[in-house]
Amino acid sequence: MTYAYTLKVNGRHAPIQADPMRRLLDVLREDLGLTGAKEGCGEGECGACAVLLDGEPVCSCLVPVTQAEGRAITTVEGLAEDKDLDPLQEAFVTEGGVQCGACTPGILVTARAFLDNTRDHGRPLRRDPDRDHIREALAGNLCRCTGYEPILRSIIATPARPPEECERAAVVLPPVQPLPLADAITRLVNGATPIAGCTDLMVQGIDPGAPIVDLLTIPELSGIECGDDVIDIGAATTFTEFREHPAAGALLALDDAAAMVGGWQIQTRATIGGNIATASPAGDSLPALLALDAELVLHGPDGPRTIPYAEMHTGYRQTALRPGELIVRIRVPHPPPGTFHCFRKVGTRAAQAISKVVVAMVARPEGRRLTHVRIAAGSVADRPIRLRATEALLEGQGPGGAHPEAAGAAARAEVSPIDDVRSTREYRSWVLGRVVSWMVRSFWMSRTFRSG
Amino acid sequence: MTWVGSSPPRPDARAKVDGTAQYVADLSVPGAWHGWTVRSPVPRGRITIIDVDPARAADGEIVVVTAADLPGPNVLQVIKDDWPVLADTRCGHLNEPLALVAAPTRERARAAAARIRVDVEAETPVLTLDDADVELASCSIDHGDVETGFALADHVIEGTFESGHHEHAYIEPQGVIAIPGDGTLEVIGSLQCPYYLHHALVHLLDGTGTKIRVRQAVTGGGFGGKEEFPDMIGAHAALLARACGRPVKLIYDRHEDIIGSTKRHPSRVRHRTGVAADGTLVAQDIEVLLDAGAYVTLTPVVLSRAVIHAAGAYRCPHVRIRGRALKTNTPPNGAFRGFGAPQSETAMERQMDRIGRQLDIDPLTLRLHNAYREGDVTPTGQVLDASVSALEVLEKAAAKSDFSAKWAYYESEYGAAFRTQWNPCNGIGIALAWHGAGFTGDGERRLAAKAAVEITTAGRVRVLVASTDFGQGTTAVLAQMVADGLGVDLDRIDVAEPDTDHVPDSGPTVASRTVMIVGGVLTRGAMKLGRKLRDAVASAAGIPPDDVVLTDDRYRSADGTDLSSFDDAARRHGPLRVEETHVTPAGKTFDETTYQGTAYPAYGWACNVVELTVDPDTLEVDLEKVTVACDVGRAIHPVLCAGQIEGGALQAVAWGYLEEVKCQDGRYLNDRLQTCIIPTARDAPDFETILVENPAPSNPHGAKGVGEIPMDVGAAATLAAIENATGLAAASIPATPERLLTLLQERDDAKEDPA
């Protein structure tokens, strides 16, 4: 059944009637006549449909309208004030940033968010935008005409806005009607579909009128608590939220993984809990969570329980979740100072990619020895796995006993990856060995530099 | 002032940045239904049943069209009449259109299409060039006597190069809207060639007395993919609209776009080259093989361009080139930026690198030694009498990138040691391209492109051409050329929407021909129109026309007397119109049976230098910088011109190492953007673009076209850079980490087992 929603689009209130899971893109284009955002792929790969939700870029093809209500939506039509183009738009006109124009609306809103972003999470610097930062910010927006060079020139040529205007662009989150956890579980038991960032769900497809439980509205699933022993992460934490939180500095393997999840538009929406529940063997954050010895707090009809994350994935896209059960918190032991973190994703391209192989390693140096070794890998089995034989080979060894090449060979020996559209069995096996060798080598090099 | 050579804002930019530009999917057409396509489930077979009853039973409102409902011949006329609008008795490739459905919503159309039962008696398909034996096109060039040439050679070097399907990946998928009227049918679409679709629809509805009108909506990229394929989707929408009696929108989603539309032809090119001890090319024997897919489409023309460019931008007295295109039961391949030249030129550039290594001559020296100079003769016997810039682009790109020093350093320090390195290894590669602008041979003479310019009584200048803008900036550059032809301000110029009811047939927007051919026709037309108005002003003033000049928007007599403003003159003497037709200069002929003569009126020249690193742990390629020196004759709009070069170069480079459409058993495995990979901003390199302007005397302002040449050899330079970094010479593209690993393992095996 449809519901009445009031959307706040480009500063105006727009009442609409829609199914909860109807795509925001369709509502904007069909119901509100705002056809600036384009559908280039319908699965969050191209960014042509990007709009800003509370100042952050999202792919509107992956946002159900129920999650857009009450939030400030900015489309390309909202960048210009009346007849005056935004200086960013002016720069695209004069510097050749526009060719066919199909990617332009998504790129403009993303670039505007980038230039206005005054928060510090590795991406900033609107005052003096660096080419690499711009490239990272735009990695979720494909352009096929320009080679990106004129787009970079256009963004660099855009004059900075006064900080107070940037602050005005950043929006305070509206109050959301919180959903009690118990109610959510009751609804799940009754067959409702749990939704979070929807970056996988909307690609797989869902009946727009299907009953849902919006996990983003359950208080127990949000927030990060950074304790001395445990870093406790709400399952509905987005990768952007995590990257912006001080806890990311303690969990570097997970932070590096979060930076490689899709493009910016995906990171602002996709949640860590969603990444776990989707249970793809290629999930970017999963090897990091395995290597960090995470545990999961689950809640279901029978109450809460805690399981080691390593027991979560039981088969191809299968989890230990029971009917009606939810991931509520992800608890990660706070790594002691000096812990070695390493993460490497070998994807189909430099960003916005699905992994061919993804590896995370966490270890502690004790004197000249390697201890508490955890190595985990994705895309090499039907689920993300710990490389336990390799860990055992390295555990407690000094430089002479834990040779990088031997570790690589051990890693290769304990997996049997497959051929698929992204890569081959041979390559996956080979590159897993090389990456594990590289990580062990990096460990010893980091020791060398530290002691030297 | 003159507008040509400056970079004013493009006329379509404002609507594209404020979100108001209307692409076909953005158009609101009241009462429109939505179409969906039913496709063949196997690559080859006899169609026994297309049963629509289950779909009708589930949704009584839907409209279905099969081949039986066609009013005229079941064929899309491209070159050969072999491409069915809807397959009826047999299907020739997977996902071939068999039936069409229209319904009030897209979801209902899609659901109905899924309920249509299709039975096909599958037959054994021909899926690879190795198995193919039906020839759909062939052509050959003989220049000198190749056996004599080989007899003179000190070395004979052989090599083979292969490439696979390549996806255009324009950001806006294919789409059209067909609107039926009283004895009329209007089709609005995302397309490059309104008159192609017009022609196809006239043929499709032959005998129904329907008047056809085709309009181009704002179009989100083409790259050749919207040259002939819109004939297919446009015909489908037209059939549905006719059957429904109401407008029908047929907008492909990305998945359907990839499985349903044409790709770049897969190729296999074999070289046998005779070389003198000093590196001089003395004989070239080249075989070019293209996989056409199931139907001919534009294949003979693609093959022709591939063959003419196959010997590269190098002089050689004895050349034999044999080209063949074979039929397979894979989806048909068609136009894609470069049109066959990227396949054959990439092969040639790799052959040059092979020769250089065998003779121990560095890549730049070998190219400088052999590259065309003015006065040289091409394999078609054409004397390159002007605007030959091969040496200049090589020298400029090499100097800017410090090619020679870097190449030698990486070669000595890294190549041999690759794999023992811990850090990414640097590589640099160079490649040289030439590209004939405009249609091959007598194409332009036959086409006789038309264009018109009007002055309205309001003083506006209207440019009427069928040339389309799908991103390149056509409207901007044609407006500049007309403004200069008339001597008026650019603000006066309006480029009319491409609409076959109003614009003459300027030919298709392909083959880097728009500025050179249509721009030339328009320039002549604008000058003629300017003279018309001037003559009228002179006549009204009673003075000789030659005594009247237009400056700063005012007509003045020779003694400086102010006669009239342009606006007043237009009001008094307008409206005026001039329609011009392209005339090929006399004496420039091409014989399509012998392949001898003037293949193209002018050639562009480009040198690409690619700098990258290869990670020894993953064999991943990281692009650092691409330097392109490109002779475009004259850059009408330098900003747009550089945009063409940079965008084209990235497509070419990515085709070399990243982009791959995997075709297995006739099916594209990566049939969505998640798996059909194109570069992101993080994959892209920094660009250094050097515009070289050596005007072609026969062309308007000397311009030679820029649309395609950036696509020609970027892949070759990438492979060369990978070889420089790793010592691994990929003979097929893309050089993915998986392919490089195979080469690495072969090399290691060879080392371990010297036998």
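So the sequences go chain by chain: A and B. Per our numbering, residue 278 is the first one in the first sequence, and the count goes up by one each step. Per our numbering, residue 240 is the first one in the second sequence, and the count goes up by one each step. For each residue, glycine too, the CB sits at the ideal point set by N, CA and C. Predicted model only: the values in this text are computed from it and were never measured.
Run down chain A in chain order and give the residues with a C-beta less than 8 Å from the C-beta of Arg911 of chain B. Looking up residue 911 of chain B in the second sequence gives position 672. Near Arg911 of chain B (Cβ distances below 8 Å), the residues of chain A are Cys318, Glu320, Glu322.
If we require 3 or more residues per run, which beta strand (DSSP E) segments fall completely within the stretch 438-495 of chain A? 470-472, 489-491
Check whether chain B comes within 7 Å of Val448 of chain A, counting only Cβ atoms and requiring the distance to be less than that. Position 171 of the first sequence holds residue 448 of chain A. With a pLDDT of 49 at Val448 of chain A, under the threshold of 50, the modelled position of that residue is not reliable, and no figure is offered here.
So for Asp397 of chain A, helix, strand or coil by DSSP? Along the first sequence, read from residue 1 onward, the residue named residue 397 of chain A stands at position 120. At Asp397 of chain A, the pLDDT of 48 sits below 50, so the modelled position is not reliable and the matter cannot be decided from this model.
Per-residue contacts from Asp856 of chain B into chain A (C-beta, under 7 Å): Working through the second sequence from its first residue, we reach residue 856 of chain B at position 617. The contacting residues are Arg711, Val712, Trp715.
Classification of Thr679 of chain B by the beta-carbon crowding that lies within 10 angstroms, buried from 16 upward: Indexing the second sequence from 1 puts residue 679 of chain B at position 440. That one is buried.
Please report how far the alpha carbon of His494 of chain B lies from the alpha carbon of Glu736 of chain B, in whole angstroms. The sequence position of residue 494 of chain B within the second sequence is 255, counting from 1. The sequence position of residue 736 of chain B within the second sequence is 497, counting from 1. Near 30 Å, if we compare the C-alpha coordinates of Glu736 of chain B and His494 of chain B.
Ranges of the alpha helix (DSSP H) found wholly within the stretch 558-612 of chain A, counting only runs of at least 4: 563-568
Is it buried or exposed for Ser500 of chain B, if we count other Cβ within 10 angstroms and need 16 for buried? Here the question's residue 500 of chain B lines up with position 261 in the second sequence. So Ser500 of chain B ends up on the buried side.
Backbone secondary structure at Ala845 of chain B - three-state DSSP: Reading the second sequence from its first residue, position 606 is the one you call residue 845 of chain B. Here Ala845 of chain B sits in strand by DSSP.
Can you give me, in chain order, the residues of the stretch 703-718 of chain B that have a beta carbon less than 9 Å from any beta carbon in chain A? Asp708, Phe709, Gly710, Gln711, Gly712
Delimiting residues of the beta strand (DSSP E) encompassing Glu634 of chain B: Translated into positions along the second sequence, residue 634 of chain B becomes position 395. Note, Glu634 of chain B: premise wrong, no beta strand (DSSP E); alpha helix (DSSP H) at 629-640.
With a threshold of 7 Å between beta-carbons, can Leu982 of chain B be considered close to chain A, or not? On the second sequence, position 743 is the one that residue 982 of chain B refers to. For Leu982 of chain B, the answer is no, since every Cβ of chain A falls outside 7 Å of its Cβ.
Closest Cα partner of Val466 of chain A within the set A:Gln481, A:His590, A:Asp579, A:Thr515: Translated into the one-based positions of the first sequence, residue 466 of chain A becomes position 189. Nearest of A:Gln481, A:His590, A:Asp579, A:Thr515 to Val466 of chain A, Cα basis: A:Asp579.
Going straight from the alpha carbon of Ser628 of chain B to that of Leu565 of chain B, what length do you get? The residue given as residue 628 of chain B occupies position 389 in the second sequence. The residue given as residue 565 of chain B occupies position 326 in the second sequence. Looking at the two C-alpha atoms, the distance is approximately 35 Å.
Hey, is the stretch 681-688 of chain B in contact with the stretch 612-629 of chain B, meaning 3+ C-beta pairs nearer than 8 Å? no
If you draw a straight line from the C-alpha of Gln344 of chain A to the C-alpha of Pro334 of chain A, how long is it? Counting from 1 along the first sequence, the entry for residue 344 of chain A is found at position 67. Counting from 1 along the first sequence, the entry for residue 334 of chain A is found at position 57. Taking the straight line joining both Cα atoms gives about 14 Å.
Could you have a look at Glu526 of chain B and say whether DSSP puts it in helix, strand or coil? Stepping through the second sequence from its first residue, residue 526 of chain B is reached at position 287. Three-state result, Glu526 of chain B: strand.
Determine which residues of the stretch 251-272 of chain B have a Cβ less than 9 Å from any Cβ of chain A, and write them out in chain order. Asp251, Ala252, Arg253, Ala254, Lys255, Val256, Asp257, Gly258, Thr259, Ala260, Gln261, Tyr262, Ala264, Asp265, Leu266, Ser267
Count the other CB atoms, across all protein chains shown, that sit within 10 Å of the CB of Gln595 of chain A; report buried if there are 16 or more and exposed otherwise. By 1-based counting over the first sequence, the position of residue 595 of chain A is 318. Exposed.
Taking a Cβ distance cut-off of 9 Å, strictly less, list which residues of the stretch 291-302 of chain A are near chain B, in chain order. none
Step through the CB atoms of chain A and report whether any lies within less than 7 Å of the CB of Tyr834 of chain B. For the purposes of this step, residue 834 of chain B is taken as residue 595 along the second sequence, with counting starting at 1. Chain A, which has no Cβ nearer than 7 Å to the Cβ of Tyr834 of chain B, makes this no.
Short-range partners of chain A found in the stretch 496-522 of chain B, where Cβ spacing is below 9 Å: none
Entirely enclosed alpha helix (DSSP H) segments - the stretch 249-289 of chain B, minimum 4 residues: 252-257
Going by other Cβ atoms of all chains shown within 10 Å of its Cβ, with 16 needed for buried, is Lys488 of chain B buried or exposed? In the second sequence, the residue the question calls residue 488 of chain B occupies position 249. Looking at its Cβ environment, which holds 16 or more other Cβ atoms inside 10 Å, Lys488 of chain B is buried.
Could you run through the stretch 398-409 of chain B and flag, in chain order, every residue whose CB is less than 7 Å away from some CB of chain A? Ala408, Tyr409
Three Cβ pairs or more, each shorter than 8 Å: is that satisfied between the stretch 261-272 of chain B and the stretch 311-331 of chain B? no
Output needed for Leu329 of chain A: all residues of its chain with C-beta closer than 6 Å, excluding positions within five of it in sequence on either side, in chain order. Stepping through the first sequence from its first residue, residue 329 of chain A is reached at position 52. Excluding positions up to five away in sequence, the list reads Thr351, Val386, Ala390.
Can you pull the chain B residues whose beta carbon is under 8 Å from the beta carbon of Arg699 of chain A, in chain order? Locating residue 699 of chain A in the first sequence gives position 422, counting from the first residue. Going along chain B in sequence order, the residues near Arg699 of chain A (Cβ under 8 Å) are Thr914.
So if I threshold CB-CB distances at 7 Å, which residues from the stretch 379-391 of chain A count as touching chain B? Ala379, Cys380, Thr381, Pro382, Leu385
What residue from A:Leu305, A:Ala627, A:Arg663, A:Ile411 has the CA that sits closest to Tyr586 of chain A's CA? On the first sequence, position 309 is the one that residue 586 of chain A refers to. Tyr586 of chain A has its Cα closest to that of A:Arg663, out of A:Leu305, A:Ala627, A:Arg663, A:Ile411.
For Pro336 of chain B, which beta-bridge partners are listed by DSSP? Counting from one through the second sequence, the residue named residue 336 of chain B turns up at place 97. Answer by DSSP bridge pairing, in chain order: B:Arg278.
Do Ala357 of chain A and Asp257 of chain B come within 7 Å of each other at the CB atom, strictly closer than that value? The sequence position of residue 257 of chain B within the second sequence is 18, counting from 1. The sequence position of residue 357 of chain A within the first sequence is 80, counting from 1. Cβ distance < 7 Å, so Asp257 of chain B and Ala357 of chain A count as in contact.
Val527 of chain B and Phe578 of chain B: beta carbons closer than 7 Å? Looking up residue 527 of chain B in the second sequence gives position 288. Looking up residue 578 of chain B in the second sequence gives position 339. Their beta carbons are not under 7 Å apart, which means Val527 of chain B does not touch Phe578 of chain B by this criterion.
When the cut-off is 7 Å and only beta carbons count, does Ala325 of chain A lie next to chain B? Stepping through the first sequence from its first residue, residue 325 of chain A is reached at position 48. For Ala325 of chain A, the answer is yes, since a Cβ of chain B falls inside 7 Å of its Cβ.
Can you check whether the C-beta of Cys336 of chain A is within less than 7 Å of a C-beta belonging to chain B? Your numbering for residue 336 of chain A matches position 59 in the first sequence. For Cys336 of chain A, the answer is no, since every Cβ of chain B falls outside 7 Å of its Cβ.
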